[in-house]
Structures are given as C-alpha cells and as structure tokens.
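Okay, so here's the structure we're looking at.
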Amino acid sequence: MATTAFYSNKDEIYNTYLGSDLGFTYTPESTTFKVWAPSAEQVLLKLYSTGSFYEEGAQVLGIKQMLFDAVTGVWSATIDGDLNKIYYTYVIKTEKGTHETQDVYSKAVGVNSQRSEVVDMASTNPEGWENDRHVLPDRQTDAIVWEIHVRDFSSSDTSGVSREHRGKFLAFTEKNTVIPYTNFPTCVNYLKQLGITHVQLNPVFDFGSVNEITGVEYNWGYDPVNYNVPEGSYSTDPYHGEVRIREFKEMVKALHDEGIGVIMDVVYNHVYSTEYSPFERTVPGYYFRMQNGKFLNSSGCGNVTATDKVMFRRFMVDSLRYWAEEYHIDGFRFDLMACHDIDTMNEIRAELDKIDKRILMYGEPWTANDGENGISGEDCCNKANAKKLSTRIGMFNDDMRHGIKGGSDDDSKGFIQGSTHSAYNVIAGMMGASSVTFGNWANEPSQCVTYVSAHDNLTLWDKILKSNWCDDFDTTDSLYISQNKLASVLVLGSLGISFMLAGEEFARTKHGDHNSYKSPDSVNSINWTRAVRYKELMEYYKGLIKIRKSFSPIRDNTTKAVNDGYIVYNGQSISLTVKNDNENEWRMMSVIINNSDHACVPQFKSQYDMPSGWYVIADAETAGDKAIRKFDPFANIPPRSALIIVDAESYEKINGVPTFEEPVREIGLNIAKDIIR
Ligand code: CA
Numbered sequence: 000m001a002t003t004a005f006y007s008n009k010d011e012i013y014n015t016y017l018g019s020d021l022g023f024t025y026t027p028e029s030t031t032f033k034v035w036a037p038s039a040e041q042v043l044l045k046l047y048s049t050g051s052f053y054e055e056g057a058q059v060l061g062i063k064q065m066l067f068d069a070v071t072g073v074w075s076a077t078i079d080g081d082l083n084k085i086y087y088t089y090v091i092k093t094e095k096g097t098h099e100t101q102d103v104y105s106k107a108v109g110v111n112s113q114r115s116e117v118v119d120m121a122s123t124n125p126e127g128w129e130n131d132r133h134v135l136p137d138r139q140t141d142a143i144v145w146e147i148h149v150r151d152f153s154s155s156d157t158s159g160v161s162r163e164h165r166g167k168f169l170a171f172t173e174k175n176t177v178i179p180y181t182n183f184p185t186c187v188n189y190l191k192q193l194g195i196t197h198v199q200l201n202p203v204f205d206f207g208s209v210n211e212i213t214g215v216e217y218n219w220g221y222d223p224v225n226y227n228v229p230e231g232s233y234s235t236d237p238y239h240g241e242v243r244i245r246e247f248k249e250m251v252k253a254l255h256d257e258g259i260g261v262i263m264d265v266v267y268n269h270v271y272s273t274e275y276s277p278f279e280r281t282v283p284g285y286y287f288r289m290q291n292g293k294f295l296n297s298s299g300c301g302n303v304t305a306t307d308k309v310m311f312r313r314f315m316v317d318s319l320r321y322w323a324e325e326y327h328i329d330g331f332r333f334d335l336m337a338c339h340d341i342d343t344m345n346e347i348r349a350e351l352d353k354i355d356k357r358i359l360m361y362g363e364p365w366t367a368n369d370g371e372n373g374i375s376g377e378d379c380c381n382k383a384n385a386k387k388l389s390t391r392i393g394m395f396n397d398d399m400r401h402g403i404k405g406g407s408d409d410d411s412k413g414f415i416q417g418s419t420h421s422a423y424n425v426i427a428g429m430m431g432a433s434s435v436t437f438g439n440w441a442n443e444p445s446q447c448v449t450y451v452s453a454h455d456n457l458t459l460w461d462k463i464l465k466s467n468w469c470d471d472f473d474t475t476d477s478l479y480i481s482q483n484k485l486a487s488v489l490v491l492g493s494l495g496i497s498f499m500l501a502g503e504e505f506a507r508t509k510h511g512d513h514n515s516y517k518s519p520d521s522v523n524s525i526n527w528t529r530a531v532r533y534k535e536l537m538e539y540y541k542g543l544i545k546i547r548k549s550f551s552p553i554r555d556n557t558t559k560a561v562n563d564g565y566i567v568y569n570g571q572s573i574s575l576t577v578k579n580d581n582e583n584e585w586r587m588m589s590v591i592i593n594n595s596d597h598a599c600v601p602q603f604k605s606q607y608d609m610p611s612g613w614y615v616i617a618d619a620e621t622a623g624d625k626a627i628r629k630f631d632p633f634a635n636i637p638p639r640s641a642l643i644i645v646d647a648e649s650y651e652k653i654n655g656v657p658t659f660e661e662p663v664r665e666i667g668l669n670i671a672k673d674i675i676r
C-alpha cells in the first residue's frame, strides 16, 4: 500500500512555512521567488518574455536552479534587474514526475493561465486608487446584496454599454448608461437608484472553463485555476496580466465611487483540473483531501481542497487578505462552505478582522456530497454547526427559501403560491433563524442570509411560472406579479442579510433553464428592457429597500429585535411586528402577509396597537417610505398581498403629517392595472 502511505497526512511529514513572501517579491532592482515544495527533488525557475509560447516575440529568457531550505520546505531564487512584466514558471521534479507549472501564489498570469507574471503591483493602480475606500456596512445585516455575473451584467445590447466593454470588468465603469434610445438607466446607473448596498460578483478570479483567446464560451466560472488572479476573459487584454488587474481595480473603484460595495464569490473548495493544478504539480497529494490514494469529492467537481491542512489553510487566509487589501474587496461569499472546516473559517474571520471587522463573510452551508468530505461532520461549516462559527460568518437560509417558493426546480408550491405547509420555515426565517421559539440554527440574524433566489436553479420568476403551469415568460399576469411581490416582502421585510439574484426585481427569466452555468448569453444576459416591462415590480422592490433602510430593527444583527418582535400566524396571514428604540425612526412597524386566495382582516400583535393609529407604507400595489393612507383595521387585506404599517405618531414626528390630498391609492391601482394589461 505504498500509495496510501504517500497520501497520508502530510502535515506530519512536511515542515511548513508561515512567512508572507511566497510567490514573487518585486523591486525594480531585483525579484525574489519563493515556492513551498518540500517533496520536490529539484525546482527550476524559468523566465519568459511572454505569457504563452504562441505570442509574437516568445522566448525563454533564462533558467535558474532554485535553492532548497529543508527547515521551511521553501525553494528560492533571486534574479537581478527589473523583472516587471516578465513571465515565469517552476519546473518541479517530484516522485510523481517532472512538471512545469505556474506559481500557486501567482498574482498575475498570461493568457489562459499557462505562465505566471511578475508585476509591479503599484503600477496597476488606477487614478485615485489611493483614495479608494472599502464600502462596509456597520452591521452584516445592513447589507442588501445583488448577485451578478460580470458578463450577464452588460453582455446584452440593451445594457447600452459600449461594445468593447460589454461583458467586461470595464462595463462597471461606464456612467449614465441607458437602454438605447430611452432614458431608462442600466447597469451601475440603474443600481444607484435601486438602493442595494453591495453587488456580489460570481467568480472573478482566474477560472478555466472559458478560453480567454476566443472568449466565446459562456461559464459561471466555478472552476478556479489561479485564486489570486482576476479572470482574463473579463479584461480587454487577456495576454498581458497587468491589464486585467488594473481593469478589475477600476471596476471596484467605480462601484465604490457610487457607494456600492463589492463582494467576491470565492470557490476555495476545489480546483478546475486536479492534474494541471499548480497545487498538485507543486506538492502532489498535499493540498487535497484524499483517501486510499483517491481524491475525495465533496465539492462534486473531482477534488476537495484540504482546508484542514496547515499550508492550504494558510494559502486561503493569505489569499482572502490579499483580495481585501490589494483590491479593496468588501466581502466574501464562500461556495460550498461546508467543505471547509470551522477552525479555518474562524481563523479567516480573525485575520480579516485585523483589516476591518465589517468585511462581510457568508457562504453556502452545504457540500455537493457529504459522504466525501474527509473531515468530521462536527467540523464542517453547515447549519447544524453554525453556532460554533463567529456570529459574523453568515449562511444562506435554504429552509426559508424553500418555504417561500417551494422546491427550487420543480412545480411544487411554497408560501407565496398559497401553501400553508411551509409557513413554519417562513416564520423561522423572518426571525433570522435566531428565534428560540421558532427555530434558531443561527446565533444571531447576522448569521442568516435571507433570500429566495440565486444564480443556481430556476430564477424566482421561472419558478413561480413553473409552479403555476405557465410557460409564457413574458407574461404580466397579476397572479404571478403578486406572488413575486410576496417573496420580495419576505426577503426585505425579514431579519437577516438581504440577498437577491440580479434582476429578481424585474422578473428575470432564463426561460426555464434551471442550471445555466454554461448556457449561452441569450439565456443568461440581463435583458434590461424587463426593468421597464416589469417597472411596477421593480419599483416595489425599490420601495421595500427604502423601508428596510428606514427602520433599523429589521436590520438588527443581534437577537434584540427577535426577542422584542411578535409573530402572529392564523393559517391565512403572517405578521411580524417589531418595535424600535431609535427615536429618529418610526417606533413600530408591522409586516403583514396574506398568502391565501381570500381577503382577510389584518391580524398583528394587538398589544402594540397605537392610540394614534397607523399609516400604511406598503400594500398590494406600492411600497415606499411615505404613507399611502391611514390604516383601517377593519379593511381587508386583498388576497396574496402584503401590508406594511408604521405607527402614526412617530411617522408624523419624523415625516410630517401626510395630507393625502390626492387619491394616491386609486391612481396607483389604475397605473398597476394599465401595466398589467
Ligand atoms: Ca481563465
């Protein structure tokens, strides 16, 4: 069983290195290279003029034998001269053979990731970068996250983005974009008015599934090649590694300039190709979890990284710090976070806290395959173990998601389609999964990501249509709009971190494609004209965001609002009533949702009834931070609709006495009907 011995716990065999200078250290006078390769018999440093052999002027500039330090397991070499924009590889000889590879710690690479590149990082900073600051919420739960794929954001003609920037990082830098021949805002211009606080970018590190030369394939990019390098197909020049770095920073700065934070979707749980990965080529068998010589597969992608081993954990920590410091990234969303162990995630939290405690962290509390995770079930970051994690590491609340809309891809019904079975999961979710009474896998709402749709599975709109047996994706039938609105109230009117798939707010469709990871642009692109077609729905989301921003207890990161709040469920409607100690805000708010086919009298915690009455700020048609009318406790809530009310006394103190001179509600109704027609 020689193989088994070879793939035993390498932390017991190898010396580890905790220095912060792995990779290259550049100065204009010389560059030092360091690679941790304790099992290597020989390591050569190879320098190249270009990032690939087929570029003009491609030549080998030199080969240097690196020196081994047995105490640290590190091979090193120093080359004199200015190596800025020089490409390099390591040729590593181990008992598994001799392989040429890019650097595990690459900061830049040439086209299609074949060679690493030395880059003077300071030279990649766009103008004004020194004044660029993180955009961080005071509390995790202040974040309202909009999940977008770089290419989807602007690849459609409807984006109004210039042709050369469509689908690229630089699309985010274009200001005042509109749907062509209209005044309707798109892209960042649109996001400014929507009110979300953060964008979450689907993978933007270097991934392997899109050929950077042709750029024709589409992929979400959950197939990492170089974790510390931006993806080349999103840059205007994938050949010169420094270009994508600069353009990535320009994207971050453009979003920061508009007050929007940037969250990266990070996929440290596996790599694109086991065999060609720099990890496997540098220290065979070390960086991945293995059993009897076989790569384990809890990622569902052929390998799972060994976050429980010193040097991968170290890599992950260094990598995240690097993105936060070098690129000013404001938060991280961890793909298949249950592949990672609790100690690693808590250590990452502690390390990011040294930069800023407000940097966001949350992830998927599941694996793709629990049976092949290689660590104890007690050690992995799933919901059952949430309480062992920092309160500032969040998890997607799939129980609530399921409760709201039913199964992700099937035609089952959830709460918004009138089901009563799932009310319990919805209630627990409204409380940020932090209520002792209703279920609390989370310590506090700051650990709960409240959502109903993400890039995986059917879009919310497609799911609503499927569960109603409708295949007209462009329908404006009021039944579907009303179900979508209920979902929006449940996400934005609940405790936890608010999260939505880009375009959820304007009935984004992928035409029923439930797994569009490699589907063409025609399926995945944001069609910005839907923001006009479904303007009523979009404005409803916008209004709910305003309400959320106006009433801080609904964004409470602690269990105070949970303990102070009241849920009433009568089999037909749910209400969540939350009080507020902040004297500069409304004193009380009640979110009431009738999911049934019948009108019903609003029910909410009566002891909170205000002597001065209540104002309605959201109803079936509209939502916002301004009173629509005085609340009438005897007026029915229409079928499948929500009502959000705030106490009148504090409303008048803060917003003034509303006059209702115009019959706002009737006008609203007529407009809504016109749009639906
Ligand atoms: Ca790539």
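Counting along the sequence shown from 1, when you hit position 321 you're at 320 in numbering that gives the first Met the number 0, and nothing is skipped either side. Idealized CB from N, CA, C, for every residue including glycine. In this text the structure is predicted, and so the values were computed from the model without any measurement.
Looking at residue i: is its Cβ nearer than 8 Å to the Cβ of residue j?
i, j, result
"Asp151", "Asn514", "no"
"Gly159", "Ile178", "yes"
"Lys382", "Met394", "yes"
"Lys534", "Leu193", "no"
"Tyr238", "Gly109", "yes"
"Val118", "Ile244", "yes"
"Phe472", "Asp461", "yes"
"Met587", "Asp646", "yes"
"Glu377", "Leu295", "no"
"Phe287", "Tyr233", "no"
"Glu129", "Tyr86", "no"
"Leu489", "Ile544", "no"
"Val435", "Thr281", "no"
"Asp10", "Lys293", "no"
"Pro277", "Thr100", "yes"
Along the beta strand (DSSP E) that carries residue i, what are the first and last residues, could you check?
i, result
"Arg332", "Gly330 to Phe333"
"Val34", "Ser29 to Trp35"
"Met120", "Taken as a continuous stretch (DSSP letters only), Met120 belongs to no beta strand (DSSP E), as it is neither H nor E."
"Asn345", "Premise fails: Asn345 lies in the alpha helix (DSSP H), Ile341 to Ile354, not in any beta strand (DSSP E)."
Taking C-alpha atoms, which residue in the options lies nearest to residue i?
i, options, result
"Gln64", "Thr49, Gln58, Leu43 and Ser75", "Leu43"
"Gly502", "His164, Pro277, Ile653 and Asn526", "Asn526"
"Pro686", "Ile328, Ala121, Tyr321 and Val270", "Coverage of the chain is limited to positions 0 through 676, which leaves residue 686 absent and any answer about it impossible."
"Ala641", "Lys534, Phe633, Ile573 and Asn579", "Ile573"
"Asp256", "His133, Gln482, Thr77 and Tyr53", "His133"
"Thr97", "Ala36, Glu443 and Ala598", "Ala36"
"Gly362", "Ser605, Leu335, Lys252 and Ile354", "Leu335"
"Ala634", "Met360, Pro610, Ser154 and Pro601", "Pro601"
"Val261", "Ser272, Ala253 and Asn268", "Ala253"
"Val567", "Thr31, Tyr423 and Asn368", "Tyr423"
"Tyr271", "Val224, Lys95, Pro27 and Thr100", "Val224"
"Val577", "Glu584, Gly570 and Asp563", "Asp563"
"Cys379", "Gln58, Ser298, Glu173 and Lys652", "Ser298"
For a cutoff of 8 Å on Cβ pairs, would you count residue i as touching chain D?
i, result
"Ile341", "In the structure shown, chain D does not exist; there is a single protein chain."
Which same chain residues end up closer than 6 Å to residue i when comparing Cβ atoms and leaving out the 5 residues on each side of it in sequence?
i, result
"Ala441", "Ala385, Ala432, Ser433 and Cys447"
"Arg676", "Confidence in Arg676 is poor, its pLDDT being 34 and thus under 50, which makes the residue's placement unreliable; the coordinate value appears in the next sentence. The answer is none, since no qualifying residue turns up."
"Gly492", "Val590"
"Ile496", "Gln139, Thr140, Ala142, Gly393 and Val448"
"Trp219", "Asn201 and Tyr516"
"Thr283", "The amino acid occupying residue 283 in the given sequence is Pro; Thr does not appear at that position. Cβ neighbours of Pro283 beyond the five flanking positions: Thr93 and Lys95."
Under DSSP, the alpha helix (DSSP H) around residue i begins and ends at which residues?
i, result
"Asn424", "Ala422 to Met429"
"Glu538", "Lys534 to Ser549"
"Trp460", "Leu459 to Ser466"
"His401", "Asp397 to Lys404"
"Tyr479", "Ser477 to Leu491"
"Thr281", "Pro277 to Thr281"
Whose C-beta lies closer than 7 Å to the C-beta of residue i among residues of the same chain, with five residues either side of it excluded?
i, result
"Lys92", "Ala39, Glu40 and Gln41"
"Pro638", "Asn593, Ser595, Asp596, His597 and Ala598"
"Glu54", "Tyr238"
"Leu17", "Arg313"
"Lys248", "Thr123, Asn124, Pro125, Trp128 and Tyr326"
Going by the C-beta, is residue i closer than 7 Å to any heavy atom of ligand 2?
i, result
"Gln416", "Ligand 2 is absent from the structure shown, which contains only ligand 1."
In chain order, what residues of the same chain have a beta carbon less than 8 Å from the beta carbon of residue i, not counting five sequence neighbours either side?
i, result
"Asn14", "Pro37, Ala69, Val70, Thr71 and Gly72"
Under 7 Å from any heavy atom of ligand 1, by CB: list those residues in chain order, please.
Asn111, Ser112, Asp205, Phe206, Gly207, Val209, Glu211, Val224, Glu230, Gly231 and Ser232
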